[in-house]
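Residue numbers (this note's numbering), protein chains in the order written: chain A, 100 to 320; chain B, 230 to 547; chain C, 13 to 682. Step one of this worksheet: look at the structure below.
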């Protein structure tokens, strides 16, 4: 019974992560998206901590702590400061309406279930569905990146893809700590680079709207 | 003998529901006031309001038709019957075999249909604005509610609320993702259907923010009292449904004796108080959405319900 | 014997039609034609009901020596035919009753009276036909007589175009059905339905026949994207004919589909169910969204028919899917839900068209934006229309709710289906069905509220008078039926069990033994519904509230001008119109589905012209499917036209070329 409860709680965390990914798609304000991403990272760290508990793998606690500190605290604070310094307090413009984006999100969840469940036929049912949920989180992050016109939201979509991968990796019993540290550092570096780029883009063009940047791309007749 | 006892329990349920509904509304109002550091009206104020309104004469517009006059009684009757079908302190109700959750959703839909017609009856623009916004909200909230009903019925193997409550109390349930999604979806629908912040403000009379209040703008006297009572009953119904499905412990099964009913009643009062408190905190913490954001909100509820149903269709453990 | 009686009724209708061709202008012609039609349809309805309820296991067959010499004309009366005959003749009888009053206002009786009984006869004969030739002949006869009725007022703007499109789509449908029967008959040429039943076609053949039947019967029923003729043709006809076309002829099309797919084709494959359910779901949502955008009352009702046909096809598709997986009990439930909805829809759609017809005759207006306040001028019509609106919005305790409830129960049985695409498709269809039900309620709040409630928006609305007694009688018969079918659905479900037993080999458990008149479609522990008890409770609660309040509180009323937040507003122009009522829904759904765009032109200050609001909608199937096809046909016709003007030498070259090519083919093939 305890075993079943443990698996159920892990499954609940995976489903909760999908739910928070949908919440990310739903946001239409900059601060909302950063705060929801903090929640996203919190859920991932809780899920990894639970996996550490039930798998008796103490190094995963460190992974959870890194996810919590770096992604749920440091990066959101940094992003809030970037938003304030760049002076972007706007709403996020979407390519199609939020309703259509969420409908597409449902389609992606159905797609990942359809792909994952037959492939992993040997494993236990809950593990298969956790993998399907992890794939959904990755796809929803990608959807967020392509359906927003704003560079900050694309950065956050990229990081939520990372969270989905962490969910998949920890669910499948074990990921070496060294990989996690390198991944986390690469994220941090990517963030710094992107932040620098955003500063320069804004200095140049007075906006970070990707659509506006597109018109200045070279190579068009 | 058992039949007579069951009938008495059913009657008791109907009276309990009718008696507690204004109390719940008054309690939510009091908690909101205290959170805003106001004294607030006393908890029994809704009872006083209803009595006052009942004693007044009803003022009707010159061109109000019989639809306008009959609607308050029909709305009250359908909402009361729907509320009587939800197990509160006892399940195995006599009438529960007559209507299941889909019928409850449809009964609330009938009430809304009549109320929207009454809004259009007098021929003012306020009634029109209320009716048209209410039907837009309903066109998304009702399917979302039905998706939640589907999720619960697929899990419990029945659409009857008593069977669902009994299943939720049983051992086979565990923690399920689709139940969590259904809970979130149901809460969102309940907020929209009861005209609470962030969808509608039950305390406002500004024309551009009204939905429910705009439809009933022309009502007065006993008609208004019946409609107010019906909206209190609707709030009680939704809180009871959430309590009965997600927190079902304490509901007495049929024929368990008087002590079990008493325990059920006490626990039910506790659940109502907890639900009312959470609602008041939520309403105080969040701002009202603009009207066309409501469709995104309810679209999200529909998506969550649909996702929960989809998970149950494709797998047996989600 | 029952079959002969029904054929005599059809013959009587045809005879009346022939007789009145000469005498249409006579004073008593209208009354006698509708009277005879009423009598014949009532007799046919009684015979069909007796056959269905008498639980006779065998079918009644007859072979008449008319038609093709080597085939004859086969007619057959079995449970399915009896049920659809009941639906057809019920609608026909009510339309005839309505026509006794409505026909007095007909301005061109010579164009309507000869074709009305012919239309009824055609529909009856289609249901009775038992071989391909008779079926197609009577199907075309039905289409042509209804086309003649659509063209009755051909000088009105838009009617001629509507008739043209109707004729095109009807021809397309008949062609598809012709091909379907040809494929089914096979190389041996067994055109009688009995020989088609015996033959066991391969899966590919069956699939082709299903697709052709979907095009053929579906275009007549109104499946998206073949629905475009329906909202043009149905409103153009006189109102009782519109009721027949929407309420009854679409059901004959459903009958055609059920007969071909369930009866003649044998064992279905699972993807048939997926395809039909998908088409049904899309049709349901698109139909109601189109209906919401309309402000012509009859066009709104016609688009709504499309939605209900979608709901029927969802039930049929589920039945096919269950049948393909050998889940016969579930298939019986889905089929019962679909057929019960067939009955219910014919009842309430006819009722609504009768009401719209009464409004049209009394005010001369079909546009809702010119009406309003009619509940005071036409109280009985308003009450009947209200009951019809409540029934079609699937509100308890009326009949629309019961068939929707049964469809939902069938959907809830679907997780047992093993195919993956069905597991993803069916919940999506369930969501679409729920969405269309909620939107239907919004649509009818608009239709009833803008037309009958509020204040009159034009002089015509101010001067309206109540409809005549015959029209009201027809409407109130259906009002009673809506309530009865909603409160006592068990009897109707039991009446359908011989039909489902014949088609899918199982039936829903007998309802008549159940206590308290409730219905239990699957098992008591699963779900049950008791319309009578619910109705009794609602009435009791309302009555007790009224009594308690009037006795112990106050019963006083006072009349005064409307409150309206303190604005004294005399002009009825300021109340909500149909377009403004649907603006939120149009903005939420229409901007996606129809690319709905609103433009407001406000003249600058000082200019005394009125401001204008334009709403632009794009009909996607029309733009994507029909306009390019028409352009292609026009292009091909223009280029082929050149062949009319060739020289003699060119024609000889063509003949020579054809001869050479055929000889080459012969040579290579050997």
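Where is the CB? At the ideal position from N, CA and C, for every residue including glycine. Everything numeric in this text was worked out from a predicted model, so none of it was measured.
- Sequence-distant Cβ neighbours of residue 259 of chain B in its own chain, meaning closer than 6 Å and more than five residues away, are 269 and 272.
- A straight line joining the alpha-carbon of residue 413 of chain B with that of residue 533 of chain B spans about 8 Å.
- Within the segment 434-463 of chain C, contact with chain A at the beta-carbon level (separation under 7 Å) is assigned to 436.
- As computed with DSSP, residue 160 of chain A is found in no beta bridge at all.
- In the displayed model, residue 117 of chain C falls within a helix according to three-state DSSP.
- In the assembly as shown, residue 475 of chain C is an exposed residue. Its beta-carbon has fewer than 16 other beta-carbons within 10 Å.
- Taking a beta-carbon distance threshold of 9 Å, residue 217 of chain A counts as an interface residue toward chain C.
- The Cβ atoms of residue 224 of chain C and residue 333 of chain C lie no closer than 9 Å to each other.
- For residue 194 of chain A, same chain residues with a beta-carbon under 7 Å away, outside a window of 5 residues either side, are 246 and 248 in chain order.
- For residue 342 of chain B, the secondary structure class from DSSP, reduced to helix, strand or coil, is helix.
- Ranked by how close their Cα comes to the Cα of residue 593 of chain C, the residues C/460, C/233, C/289 and C/110 have C/460 in first place.
- In this structure, residue 325 of chain C and residue 291 of chain C form a Cβ contact; the two beta carbons are roughly 6 Å apart against a cut-off of 8 Å.
- Here DSSP, grouped into helix, strand and coil, assigns residue 609 of chain C to strand.
- Of the other Cβ atoms in all chains shown, 16 or more fall within 10 Å of the Cβ of residue 530 of chain C; this residue is therefore buried.
- Taken through DSSP and simplified to helix, strand or coil, residue 541 of chain C comes out as strand.
- Contact between residue 184 of chain C and residue 231 of chain C holds: their C-beta atoms lie close to 6 Å from each other, under 8 Å.
- Burial state of residue 662 of chain C is exposed, judged by a 10 Å Cβ sphere holding fewer than 16 other Cβ atoms.
- Listed by position along chain B, the residues whose Cβ is nearer than 8 Å to that of residue 108 of chain A are 404.
- In the structure shown, residue 381 of chain B falls within a helical segment according to DSSP collapsed to helix, strand and coil.
- In the structure shown, the three-state DSSP call for residue 522 of chain B is helix.
- Per DSSP, the beta bridge partners of residue 204 of chain C are C/143.
- For the segment 176-201 of chain A, residues whose beta-carbon sits nearer than 9 Å to a beta-carbon of chain B comprise 196, 197, 198 and 201.
- If you ignore the 5 residues before and after residue 212 of chain A, its C-beta comes within less than 6 Å of the C-beta of 231, all in its own chain and listed in chain order.
- By the beta-carbon neighbour count (other beta carbons within 10 angstroms, threshold 16), residue 542 of chain C is buried.
- Separation of residue 266 of chain C and residue 134 of chain A (C-alpha to C-alpha, rounded to the nearest whole angstrom) is 54 Å.
- Within chain A, the C-beta atoms nearer than 7 Å to that of residue 432 of chain C come from 213, in chain order.
- If you draw a straight line from the Cα of residue 264 of chain B to the Cα of residue 503 of chain B, it comes to about 15 Å.
- With contacts defined by Cβ atoms closer than 9 Å, residue 209 of chain A and residue 436 of chain C form a contacting pair.
- Within chain A, the residues placing a beta-carbon under 8 Å from that of residue 535 of chain B are 205, ordered along the chain.
- In the DSSP annotation of this structure, the continuous segment of the alpha helix (DSSP H) that includes residue 246 of chain C starts and ends at 242-248.
- By the Cβ neighbour-count rule, residue 380 of chain C is buried, with 16 or more other Cβ atoms within 10 Å of its own.
- Contacts between residue 278 of chain B and chain C, judged by CB atoms closer than 8 Å, are missing: the closest CB pair is about 13 Å apart.
- With contacts defined by Cβ atoms closer than 9 Å, residue 287 of chain A and residue 251 of chain A do not form a contacting pair.
- Proximity of residue 517 of chain B to chain C, defined by a Cβ-Cβ separation below 9 Å, is not satisfied.
- Only residues of its own chain outside the window of five on either side were considered, and among them 142 have a CB closer than 7 Å to the CB of residue 115 of chain A, listed in chain order.
- Along the segment 603-620 of chain C, the positions whose C-beta sits under 9 Å from a C-beta of chain A are 603 and 604, read in chain order.
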